[in-house]
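Participant: Dropping a structure here in structure tokens format, bear with me for questions.
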Amino acid sequence: MTDTLLPKDDPNTTARQENLRKNQQTYYYKYDYKSLNGVPMADGVPFKDLPRFPWVKQAVIAVLKMLRNVGTYQILQRTSFRLSKKQELNLLAQQPRQMSDYIRYFQSLDIPKITFSYQDDSVFARMRVAGQNPVMLTAMRSMDEDFKLSNQKFQSIQGFAKDSLTKAMDGGRLFMVDYKKLENIKPGDNGHGIQQYNYAPKAIFAVPENYACLKSSLVPIAIQCGQKTSKEMPIYTSHDGVAWEMAKTVVQIADFNYHELISHLAATHLLIEPFVVTSHRQLADNHPLKVLLLPHFEGTLFINWAAQLSLVNDGGKVDTLFSGSIESSRKLVAERLELSFNEAMLPNQIHLRGVESPSLVYPYRDDALSLWNAILKWVSTYLDVYYKNNQDIANDAELTAWVAELIDAGQVIGFGDNESGKVLSLAYLQQAVTMLIFTCSAQHAAVNFTQHDFAGYPPNMPAAGYTPPPKAKQQNTEEWLDLLPPVNMSAQQVELVFLLSAVYYTSLGQYKKNYFSDPAIAPLLKNFTTELTKIEATITARNEQTNEAGMMPYTYLLPSKIPQSINI
1020 MTDTLLPKDD PNTTARQENL RKNQQTYYYK YDYKSLNGVP MADGVPFKDL
1070 PRFPWVKQAV IAVLKMLRNV GTYQILQRTS FRLSKKQELN LLAQQPRQMS
1120 DYIRYFQSLD IPKITFSYQD DSVFARMRVA GQNPVMLTAM RSMDEDFKLS
1170 NQKFQSIQGF AKDSLTKAMD GGRLFMVDYK KLENIKPGDN GHGIQQYNYA
1220 PKAIFAVPEN YACLKSSLVP IAIQCGQKTS KEMPIYTSHD GVAWEMAKTV
1270 VQIADFNYHE LISHLAATHL LIEPFVVTSH RQLADNHPLK VLLLPHFEGT
1320 LFINWAAQLS LVNDGGKVDT LFSGSIESSR KLVAERLELS FNEAMLPNQI
1370 HLRGVESPSL VYPYRDDALS LWNAILKWVS TYLDVYYKNN QDIANDAELT
1420 AWVAELIDAG QVIGFGDNES GKVLSLAYLQ QAVTMLIFTC SAQHAAVNFT
1470 QHDFAGYPPN MPAAGYTPPP KAKQQNTEEW LDLLPPVNMS AQQVELVFLL
1520 SAVYYTSLGQ YKKNYFSDPA IAPLLKNFTT ELTKIEATIT ARNEQTNEAG
1570 MMPYTYLLPS KIPQSINI
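Residue numbers (the numbering used here): 1020 to 1587.
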């Protein structure tokens, strides 16, 4: 490998400029993809960004396993792969008669563990802090005037009889999840004229004052299936029987859509894409920053291109399975990309959401912060080898061009020291690069590899609703089943989330042998991998206690289970 050098230290400037020129002829931006019009994307996938054999092998194995499951399930239904139009429509419209109908999907696929506990209120609460989308919970710093929860209802929940909303709020024990951003999604259909419904609910959770239970410190208090309390949008609590179960399902449907469109697609895949393109275009192959980032970009352009073709395209999975019309779903994705890069940094997010309190048992937060700090130390010591001070940052012409293109062509918002659009300090560069590596590895793992375990059983986390939200507290099981997706639509959801969760390619910290040519990097990398081993041991020990308490362990941020890059 060529020596890793900053531009000012490279004696072979001609070769370096030629390298940049070739890369700029290979990597281009495109903004007019039909599926995500206006979002900065790579114009195609260069040959060297195509998947390598180990990834292809894993993907093929996953597809074959899924197809085997599909074939067995269709035999069980006594159907063939070739159905008449009428037969296909009948299957797509067939509603479940009982919850156990959904278990039939799992012929060769593992049944998600959540299947047998998802109706438990403590499990519903735990999914906010250790589930598929553990980034929504926000501390309530004032009462929500549009969610008219009374003290009487609050105190009716077990564990809160002597508590009050004000006391819980002032003590940092009152939290909300709010899916207001989904209000702008227009309801869609499944491509065959079957109406789907979109919801924008709110739910309040609280930590009991005298909490002493390992299971989950968080308790669900109340749910409102829309943004404002009204006669047709009442507040439900656990005293409301089937209506409460339906309200929880409405929250889960909203959580699925928010997760897939924003937390997953927008905040990991599409956030990283401009950094991949611009790093190739503006940093020479031997630039220290590009050398560090390249393994964390492996596979991203290809998998994002594949998503364009089969997920967010007209008639694709988002179009047919999710709650909203494909046009409004795409618009929501694009709007998320207008949020601040700096605000999205994990420590800033934790602070902005007000979820620092140790009384809140929050596995995602704890594991993610441990990994963030380990990555920050690794990135900082690595960059310190090449940049000695802020002047070295200012003197790096390629870094300056990298930042300028990210802001201009890459349309990255809120980037730079004090969101200035400029990198003025080594300290900021260390934070920004940590954000990139954390997002490519740990954050993507947290929102991707959870999918089969939580959304793989559709009654727990349906992709769409099929009736309006409940408007009264007198509901029955049949009405709940009508809310859920038709049987064969849910089968497609199972197939999708299984494939998205099934490929683990590479592991965080495990760079290829002799990847870093500079001998000064070896001891720094060893320190990083040692720290990851310690984090793994800490998480494993905690999960043993979680198992003993009868709850699903949170394993998604075990370093050994975190790929280096967004490649699935």
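For every residue, glycine included, the Cβ atom is placed at its ideal position computed from N, Cα and C.
By Cβ distance, which residues of its chain are closer than 6 Å to Q1430, with the 5 residues on each side in sequence left out?
Facilitator: Result list for Q1430: P1059, in chain order.
Participant: Under a Cβ-count criterion, where at least 16 other Cβ atoms within 10 Å of its own Cβ denotes burial, should S1359 be classed as buried or exposed?
Facilitator: With fewer than 16 other Cβ atoms within 10 Å, it is exposed.
Participant: Does DSSP put L1168 in a helix, in a strand, or in coil?
Facilitator: DSSP places L1168 in coil when its eight states are reduced to three.
Participant: Assign Y1052 to buried or exposed, taking buried as 16 or more other Cβ atoms, counted over all protein chains shown, within 10 Å of its Cβ.
Facilitator: Counting Cβ neighbours within 10 Å, Y1052 comes out buried, since at least 16 surround it.
Participant: Among E1357, V1226, Y1198, which residue has its Cα nearest to the Cα of G1433?
Facilitator: Taking only the C-alpha atoms, the option nearest G1433 is E1357.
Participant: Spell out whether any CB of chain D is found under 8 Å from the CB atom of L1308.
Facilitator: Note that chain D does not occur in the displayed structure, where there is just one protein chain.
Participant: Give the secondary structure of F1100 by DSSP, where H, G and I count as helix, E and B as strand, and everything else as coil.
Facilitator: Below a pLDDT of 50, predicted positions are generally treated as unreliable, and F1100, at 48, falls in that range; no measurement from the model is reported.
Participant: Determine the DSSP secondary structure at S1249, reduced to helix, strand or coil.
Facilitator: In this structure, S1249 counts as strand in the three-state DSSP scheme.
Participant: Use the C-beta contact count for H1283: other C-beta atoms within 10 angstroms, 16 or more gives buried, fewer gives exposed.
Facilitator: So H1283 counts as buried.
Participant: Let me check understanding here. Comparing Cα to Cα, which of E1497, A1491, P1538 lies closest to T1256?
Facilitator: Nearest C-alpha to T1256: A1491.
Participant: Between H1471 and F1517, is the Cβ-Cβ spacing less than 8 Å?
Facilitator: Yes, these two residues count as a Cβ contact at 8 Å.
Participant: Nearest-angstrom Cα distance between A1423 and P1578?
Facilitator: Distance between the alpha carbons of A1423 and P1578 is about 33 Å.
Participant: Rank I1254, S1136, T1023, Y1050 by C-alpha distance to the C-alpha of P1480 and give the top, closest one.
Facilitator: Note on residue identity: the sequence assigns Met, not Pro, to residue 1480. Among I1254, S1136, T1023, Y1050, the Cα nearest to that of M1480 is on S1136.
Participant: Taking the alpha-carbon positions, what's the G1090 to K1336 distance?
Facilitator: One C-alpha to the other measures close to 20 Å.
Participant: Report yes or no: do the segment 1494 to 1509 and the segment 1435 to 1448 share at least 3 C-beta pairs separated by less than 8 Å?
Facilitator: With the cut-off at 8 Å, the segment 1494 to 1509 and the segment 1435 to 1448 do not touch.
Participant: Is DSSP giving V1398 helix, strand or coil here?
Facilitator: In this structure, V1398 counts as helix in the three-state DSSP scheme.
Participant: Going by other Cβ atoms of all chains shown within 10 Å of its Cβ, with 16 needed for buried, is S1099 buried or exposed?
Facilitator: Only weak support is given to the placement of S1099: the predicted model assigns it a pLDDT of 47, under 50, and the question is left unresolved by the model.
Participant: Please report the straight-line C-alpha distance between N1408 and L1445, rounded to a whole angstrom.
Facilitator: Each residue's alpha carbon lies about 7 Å from the other.
Participant: What number of angstroms, rounded off, separates the C-alpha of S1389 from the C-alpha of K1221?
Facilitator: Rounded to the nearest angstrom, the two C-alpha atoms are 30 Å apart.
Participant: If you reduce the DSSP assignment to three classes, tell me which class K1580 lands in.
Facilitator: It is helical.
Participant: Within the segment 1174 to 1204, note down every full alpha helix (DSSP H) run reaching 4 residues or more, in order along the chain.
Facilitator: Qualifying alpha helix (DSSP H) stretches, in chain order: 1184 to 1189.
Participant: With a 10 Å radius around its C-beta and 16 neighbouring C-beta atoms as the bar for buried, classify D1022 as buried or exposed.
Facilitator: That one is exposed.
Participant: Check each candidate in N1042, P1572, F1066, V1196 and name the one with the smallest Cα separation from D1386.
Facilitator: If we check each option's Cα against that of D1386, P1572 comes out closest.
Participant: Where do the N-terminal and C-terminal ends of the beta strand (DSSP E) with F1224 fall, by residue?
Facilitator: Taken as a continuous stretch (DSSP letters only), the beta strand (DSSP E) holding F1224 covers 1221 to 1225.
Participant: Let's test the definition: count the other Cβ atoms within 10 Å of the Cβ of S1169 and tell me whether it reaches 16, buried, or not, exposed.
Facilitator: Exposed.
Participant: Sort G1057, D1333, Y1048 by Cα distance to V1064 and report the nearest one.
Facilitator: The shortest C-alpha separation from V1064 is found at Y1048.
Participant: In terms of residues, what are the limits of the alpha helix (DSSP H) holding A1464?
Facilitator: First-last of the alpha helix (DSSP H) with A1464: 1463 to 1467.
Participant: Helix, strand or coil for A1034 per DSSP?
Facilitator: Note: A1034 maps to helix in three-state DSSP.
Participant: What did DSSP end up calling K1336 once you bin it into helix, strand or coil?
Facilitator: Reduced to three states, the DSSP call for K1336 is helix.
Participant: Using C-beta distances below 8 Å, list every residue in its chain close to E1251, excluding the 5 sequence neighbours before and after it, in chain order.
Facilitator: Answer for E1251: K1490, listed in chain order.
Participant: For the segment 1494 to 1549, list the beta strand (DSSP E) runs that are entirely contained and at least 3 residues long, ordered along the chain.
Facilitator: Taking only runs of at least 3 residues, no beta strand (DSSP E) segment lies wholly in the segment 1494 to 1549.
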